[in-house]
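Protein chains in written order, with my numbering: chain A, 7 to 358; chain B, -7 to 133. Heads up, the beta-carbon is just placed ideally off N, CA and C, and yes, glycines get one too. Data first, discussion second: the structure below is written as structure tokens.
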């Protein structure tokens, strides 16, 4: 994977004495904030690892649907694992040591961040998207688990590499404080992190099969019907009942929410299925296993089917399609995706 | 997804582009930038309009004397009572009470100031609602 653009960090702006700019810092565009922030930190510390590899080795892929736990009024639906699981898995599997710290007060958090920047260290931080004013209004909502990288400060503005944007941005100190110390579910408590130690030659040949096996296990073997492939089928069953349970209007909102979780929040397309296919493809070379290529293609095809589900979901939201039978068709596609994914993981199990 | 199929349909992300994973002519995956997808625009608009609709209902309820301005401002900032409770440092059952005019009108300045800070506005703003429909449900800095 290549970096799309390298931005000069200082353009025609006079650098003041109090300004700190890590001038050699390179921004990397990514699909997902957590894998993107980790990849950016590793690459800026000399370890060339693509976002897809970080996502795969971090076992980011998952599925979970819990009807009775609501997020912003809708059942929790996620196409990936818990926040921070990617960071945790990457450290464990590659022997990377990540220094991380949370803070009691916003003042302590700001001080620690500024000191690290002064030492020339790009820092990963956890934020609430709603307060990040560089995003368009309608793309912001209260989600406390957004990861970004800070690489400097000019005047009152922090210089920010938000992995999901194609270019670097700035954010005022006040807004960033608010985003870092937002409270409630997943409260960041000012979390900062940066690699403290990266092994000379991380053992990718060992880590990749380990990571793939862990994902297979989580997708196929969890004996609870809410998670993995069973979770996908479970959602399909629930979906069919939404019009009767919620009424047509509210059912359409539920469909809209699933489509948002799959496409809008930055998944690289098809709820992380494409980025995982990219990971399998890149892994084929590294662990010298060409069978992964065919399986990657199969997962791509399932991803295309997920995209068709999104298209049809949007039609329901647009109310072009109002019949309850539309939900049957929708559920049928989701079941096909479940079948397709099950086949993919079973084949993977044969080859790694 | 093929590279040529990566949607470029809206300026959904303002001056930002989104990263999609797509296959080039050789079948290899790469990051391809997208300006936005019609599907995303539809579900995003639905979600935001719903929030705007809820805020407007609250605004009308405040004018009708059935809800406190706190309810409107909470919804306008896209918060729930539990989120507001956590950020203002007020118990959730109290927040819920303060959504009614009777309890809200008795609040002292200290509690009002906490709500105002959590919602990033002045106490004066917190005590009233705008005369017209509010489209802006994001904080502008």
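Asked	Found
Should residue 218 (chain A) and residue 48 (chain A) be called a contact, given that it needs their Cβ atoms to be closer than 8 Å?	no
Please go through the same chain and pick out, in chain order, the residues whose beta-carbon is closer than 6 Å to the beta-carbon of residue 214 (chain A), but skip the five residues on each side of it.	289, 293
So, for residue 28 (chain B): in the same chain, excluding its five sequence neighbours on each side, which residues have a beta-carbon less than 8 Å away from its beta-carbon?	-1, 0, 1, 2, 3, 4, 5, 10
I need the DSSP call for residue 260 (chain A), collapsed to helix, strand or coil.	helix
Only counting the same chain, and skipping five residues up and downstream in sequence, which positions put a Cβ closer than 6 Å to that of residue 363 (chain A)?	Outside the shown range of chain A, which is 7 to 358, sits residue 363 (chain A), and nothing can be said about it.
Does the separation of the CB atoms of residue 110 (chain B) and residue 80 (chain B) fall below 8 Å?	yes
Would you report the Cα separation of residue 60 (chain A) and residue 50 (chain A), rounded to the nearest angstrom?	14 Å
Taking residue 23 (chain B) as part of the alpha helix (DSSP H), name the residues at either end of that continuous run.	Premise fails: residue 23 (chain B) lies in the beta strand (DSSP E), 21 to 26, not in any alpha helix (DSSP H).
Who are the near neighbours of residue 114 (chain B) in its chain, counting only those whose CB is closer than 8 Å to its CB and skipping five residues on each side?	108
Cβ of residue 119 (chain A) within 8 Å of Cβ of residue 156 (chain A)?	yes
Tell me the DSSP secondary structure of residue 360 (chain A) in three-state form.	Absent from the model: residue 360 (chain A). The displayed extent of chain A is 7 to 358, so no value can be given.
Hey, residue 75 (chain B) and residue 190 (chain A) are a contact pair by Cβ (cut 8 Å); roughly how many whole angstroms apart?	5 Å
Which same chain residues end up closer than 6 Å to residue 276 (chain A) when comparing Cβ atoms and leaving out the 5 residues on each side of it in sequence?	309, 312, 313
Decide yes or no for the touch test of the region 38 to 46 of chain A against the region 164 to 175 of chain A: beta carbon pairs closer than 8 Å, at least 3 of them.	yes
Measuring alpha carbon to alpha carbon, tell me which of A:283, A:200, A:63 ends up nearest residue 129 (chain A).	A:200
With 8 Å set as the bound, which would you pick, yes or no: does the beta-carbon of residue 142 (chain A) sit closer than that to a beta-carbon of chain B?	yes
Residues of chain B with CB closer than 7 Å to the CB of residue 281 (chain A), please, in chain order.	13
Would you give the residue range spanned by the beta strand (DSSP E) that residue 384 (chain A) belongs to?	Residue numbering for chain A in the displayed model covers 7 to 358; residue 384 (chain A) lies beyond these limits and cannot be assessed.
Roughly how many whole angstroms lie between the Cα atoms of residue 37 (chain B) and residue 269 (chain A)?	14 Å
Any C-beta of chain A sitting closer than 8 Å to the C-beta of residue 57 (chain B)?	no
Taking CB distances under 8 Å as the criterion, tell me whether residue 35 (chain B) reaches chain A.	yes
DSSP three-state label for residue 158 (chain A), please.	strand
With a CB to CB cut of under 8 Å and the five nearest residues on each side skipped, what residues in its chain are close to residue 19 (chain A)?	Note that residue 19 (chain A) scores a pLDDT of 45, beneath 50, so its modelled location is shaky; the value from the coordinates is reported in the next line. For residue 19 (chain A), where only same-chain residues beyond five positions count, the Cβ hits under 8 Å are 160.
Under 8 Å between C-beta atoms, does residue 44 (chain B) make it to chain A?	no
Ordered along the chain, which non-local residues of its own chain (more than five positions away) have a Cβ less than 8 Å from that of residue 176 (chain A)?	140, 160, 163, 164, 165, 166
Please return the same chain residues whose Cβ sits closer than 8 Å to the Cβ of residue 63 (chain B), not counting the five positions on each side in sequence.	50, 53, 54, 91
Would you tell me roughly how many angstroms separate the C-alpha atoms of residue 346 (chain A) and residue 144 (chain A), rounded to the nearest one?	34 Å
Say whether chain A places a C-beta atom closer than 8 Å to the C-beta of residue 74 (chain B).	yes
Who are residue 165 (chain A)'s beta bridge partners in DSSP?	A:158, A:176
Who pairs with residue 105 (chain A) in a beta bridge, going by DSSP?	A:200
Do you know whose CA, among A:242, A:230, A:254, A:301, lies nearest residue 315 (chain A)'s CA?	A:242
Are the C-beta atoms of residue 331 (chain A) and some chain B residue less than 8 Å apart?	no
Residue 319 (chain A) to residue 13 (chain B), Cα distance in whole Å?	21 Å
Using a Cβ-Cβ cut-off of less than 7 Å, list which residues of the region 75 to 91 of chain B approach chain A; keep chain order.	75, 78, 79
Taking only the alpha-carbon atoms, compute the straight-line gap between residue -5 (chain B) and residue 72 (chain B) and give it to the nearest angstrom.	40 Å
Can you tell me which of the three DSSP states residue 233 (chain A) falls into?	strand
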